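S.K.: Okay, here's the structure, questions in a sec.
Protein chains in written order, with the numbering used here: chain U, 79 to 345; chain P, 25 to 269.
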């Protein structure tokens, strides 16, 4: 199995269990047909589609990465030397960042849509909330924005498809939890459209293209599917709080173990 | 600036609230303002918590006991905000910070995106009450309705703050906000938020604070990652200061 075949297998967590329950309630846990099967756009041409609401990623339909990624030598070296404990920012309660927050397949997505902007809210494993702000007001992307986790985005409607370009992404963020990296030159182009799917109802398709001449010899393309889940709710959560609770449990267990050892010696 | 320093410098916190675009078509609709936009707490015009809060006798005893048991506290280590734990209602509404928040109105729900801690409030308009088994959260469950040109938001299911907290609370905590829009003036427009805190297990009578949020027309709500220092220190090869490891 190549590194990238394993990539969509995310560890179960409390957050995902909640989401899974919700997804089962909404009927989106069923297995799907072939990716992208014959679906008509919901909105007519020239009309922005209604993409507002909660969407749950469908890991079964996540398009596999190419077996041989066109990595530059530098990017390949980083991948081969990847050590999650040292190199994965999420181990330190950092955000997934864009585009990993769209690629991960275990993160519910909430979209807030207004005529002039779209917000994409991602909450990986009920940890810290990540908010992508995407103006759709025709304003241009700034020439050289400061690098941030979610980057700087602009969107435009091409018919009923939302095209989002994102630049200014921190190079220490990962593209995948398996160590696929990018450079500061990364430009992400996404094409988001809504399909009606016989098995799932309303499905949001995100065609994602990663352009980064420093890390990839040619653009890398993939696709993610999100099933509409009107009953689902994103809940607040904080990564540090979970870590603190884990630590308190560990400390308490250690205290009990020490007390037990002491009791054993005194007998 | 370290997280701790940054946190100390925020006299802190968040503001909230909301606006809305209801579907009704009666005459009252014309008077309903749209609170959408980016806002900053107005430190000059906003009110404050009373110097002497009307704690119940029982709560005063509990706070004294907590102090006796836990003081002195080293706030450079044992501070919830230094530890990157986000704000809880009503604190996030009534504290003054230099961080903006953005209100986004949609037909059935108003969102409040705050910069500090990247918190989100979701305020459902003319919606049924939250299910009785809803788990408490820092921002609680908010429902709103219009009374003329005022949007009235009621929030319950707010995560409890213990008796040692600066703002202790009980599961009975109920925060009422009455939002109105004030046009004109130095900032173009302002939101007036009449906040009432009801918590009979903590306060003998409701506490009212009048908050003012000024329009921040040219401000964008930016990304905020409280724990950034920890990752930066790791990348720099500094000794790990990660408290939970």
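We treat Cβ as the ideally placed atom computed from N, Cα and C, and that holds for glycine. Nothing here was measured: the structure is a model prediction, and the numbers come from that model.
What residues from the region 173 to 192 of chain U come within 8 Å of chain P, judged by C-beta to C-beta, listed N to C?
M.R.: Here the close residues are 173, 190, 191 and 192.
S.K.: Within the same chain, show all residues whose beta-carbon is closer than 6 Å to that of residue 161 (chain P), passing over the 5 residues directly before and after it, in chain order.
M.R.: So the qualifying residues of the chain are 183.
S.K.: Determine the contact status of residue 220 (chain P) and residue 113 (chain P), defining contact as a CB-CB distance below 8 Å.
M.R.: Not a contact, by the Cβ cut-off of 8 Å.
S.K.: DSSP state of residue 46 (chain P), grouped into three classes?
M.R.: The pLDDT assigned to residue 46 (chain P) is 41, lower than 50, so where the model puts this residue is not dependable; a value taken from the coordinates is nonetheless given after this. Three-state result, residue 46 (chain P): coil.
S.K.: Would a check of beta-carbon distances place residue 86 (chain P) closer than 8 Å to chain U?
M.R.: For residue 86 (chain P), the answer is no, since every Cβ of chain U falls outside 8 Å of its Cβ.
S.K.: In chain order, which continuous runs of the beta strand (DSSP E) of length 3 or greater are located wholly inside the region 213 to 265 of chain U?
M.R.: Entirely contained in the region 213 to 265 of chain U, the beta strand (DSSP E) runs reaching 3 residues are, in chain order, 230 to 236 and 239 to 245.
S.K.: Is there contact between the region 204 to 221 of chain P and the region 235 to 242 of chain P, where contact requires at least three CB pairs shorter than 8 Å?
M.R.: Touching, per the Cβ criterion.
S.K.: Check each candidate in P:64, P:230, P:130 and P:222 and name the one with the smallest Cα separation from residue 57 (chain P).
M.R.: Considering only alpha carbons, the answer is P:130.
S.K.: Please report the distance separating the alpha-carbon of residue 67 (chain P) from that of residue 193 (chain P).
M.R.: One C-alpha to the other measures close to 25 Å.
S.K.: Determine the chain U residues that contact residue 124 (chain P) at a beta-carbon separation under 9 Å, and present them in chain order.
M.R.: Correct list: empty, because the minimum Cβ distance to chain U is about 12 Å.
S.K.: Alpha carbon to alpha carbon, what distance is there between residue 92 (chain P) and residue 241 (chain U)?
M.R.: Roughly 59 Å between the two C-alpha positions.
S.K.: Any beta carbon of chain P sitting closer than 8 Å to that of residue 125 (chain U)?
M.R.: Chain P contact via Cβ: absent.
S.K.: By the criterion of Cβ-Cβ separation under 7 Å, what are the contact partners of residue 247 (chain P) in chain U?
M.R.: Near residue 247 (chain P) (Cβ distances below 7 Å), the residues of chain U are 226, 227 and 228.
S.K.: What residues from chain U crowd round residue 107 (chain P), counting only those whose CB sits closer than 9 Å?
M.R.: Chain U residues near residue 107 (chain P): 318, 319 and 322.
S.K.: Residue 82 (chain P) lies in the alpha helix (DSSP H); which residues open and close that run?
M.R.: First-last of the alpha helix (DSSP H) with residue 82 (chain P): 81 to 94.
S.K.: Can the beta-carbon of residue 266 (chain U) be found closer than 8 Å to that of residue 244 (chain U)?
M.R.: Contact: yes.
S.K.: Taking just the CA atoms, how far does residue 141 (chain P) sit from residue 250 (chain P)?
M.R.: Each residue's Cα considered, the two are about 6 Å apart.
S.K.: Contact check, residue 144 (chain P) vs residue 196 (chain U) under 8 Å by CB: the rounded distance?
M.R.: That pair is no contact at about 15 Å.
S.K.: Check the Cβ of residue 128 (chain P) against every Cβ in chain U and list those closer than 9 Å, keeping chain order.
M.R.: Within 9 Å Cβ-Cβ: 190, 192, 195 and 197.
S.K.: On a Cα-Cα basis, can you pick out the residue from P:79, P:125, P:109 and P:99 that is closest to residue 319 (chain U)?
M.R.: Of the candidates P:79, P:125, P:109 and P:99, the one whose C-alpha sits nearest the C-alpha of residue 319 (chain U) is P:109.
S.K.: Which same chain residues end up closer than 6 Å to residue 298 (chain U) when comparing Cβ atoms and leaving out the 5 residues on each side of it in sequence?
M.R.: Cβ within range, chain order: 288.
S.K.: Assuming residue 217 (chain P) is part of the beta strand (DSSP E), what are its boundary residues?
M.R.: It spans 213 to 222 - the beta strand (DSSP E) in which residue 217 (chain P) sits, taken as one unbroken run.
S.K.: Taking the continuous alpha helix (DSSP H) assigned at residue 258 (chain P), which residues delimit it?
M.R.: Looking at the DSSP string, the run of the alpha helix (DSSP H) that includes residue 258 (chain P) is 252 to 260.
S.K.: Does any CB atom of chain U fall closer than 8 Å to the CB of residue 188 (chain P)?
M.R.: Taking Cβ atoms only, chain U never reaches closer than 8 Å to residue 188 (chain P), which makes this a no.
S.K.: Taking DSSP as the reference, what is the three-state secondary structure of residue 172 (chain U)?
M.R.: Three-state result, residue 172 (chain U): coil.
S.K.: Are the region 224 to 235 of chain P and the region 68 to 84 of chain P in contact at 8 Å, needing three or more beta carbon pairs?
M.R.: Judged by Cβ distances under 8 Å, the region 224 to 235 of chain P makes contact with the region 68 to 84 of chain P, as three or more pairs qualify.
S.K.: Per DSSP, what are the beta-bridge partners of residue 131 (chain U) in this structure?
M.R.: Its beta-bridge partners are U:189.
S.K.: Along chain U, in chain order, which residues have C-beta atoms closer than 9 Å to that of residue 161 (chain P)?
M.R.: Those within 9 Å of residue 161 (chain P) in chain U are 313, 314 and 315.
S.K.: List, in chain order, every chain P residue whose beta-carbon is nearer than 7 Å to that of residue 209 (chain U).
M.R.: 137 and 142, listed in chain order.
S.K.: I think residue 227 (chain U) touches residue 277 (chain U), with their Cβ atoms under 8 Å apart; what is that distance to the nearest whole Å?
M.R.: Not quite, the Cβ-Cβ distance comes to about 34 Å (not below 8 Å), so this is no contact.
S.K.: Quick one: give me the first and last residue of the alpha helix (DSSP H) that residue 197 (chain U) is part of.
M.R.: Where residue 197 (chain U) is concerned, there is no enclosing alpha helix (DSSP H), although the beta strand (DSSP E) it sits in stretches over 195 to 200.
S.K.: Say whether chain U places a C-beta atom closer than 8 Å to the C-beta of residue 255 (chain P).
M.R.: Answer yes: the Cβ-Cβ gap between residue 255 (chain P) and chain U drops below 8 Å somewhere.
S.K.: Does the region 270 to 286 of chain U come close enough to the region 247 to 260 of chain U to have 3 or more Cβ pairs within less than 8 Å?
M.R.: Taking 8 Å as the limit for Cβ pairs, the verdict is that the region 247 to 260 of chain U does not touch the region 270 to 286 of chain U.
S.K.: Quick one: residues in its chain with C-beta nearer than 6 Å to the C-beta of residue 277 (chain P), no 5 flanking neighbours on either side, listed in chain order?
M.R.: A question about residue 277 (chain P) goes unanswered here, because the residues of chain P that appear run from 25 up to 269.
S.K.: Evaluate residue 224 (chain U) with the Cβ neighbour count: other Cβ atoms within 10 Å of its Cβ, from every protein chain shown; 16 or more gives buried, anything less gives exposed.
M.R.: Exposed, since its Cβ has fewer than 16 Cβ neighbours within 10 Å.
S.K.: When the Cα atoms are used, what is the spatial distance from residue 152 (chain U) to residue 87 (chain P)?
M.R.: Cα to Cα, the separation comes out at about 58 Å.
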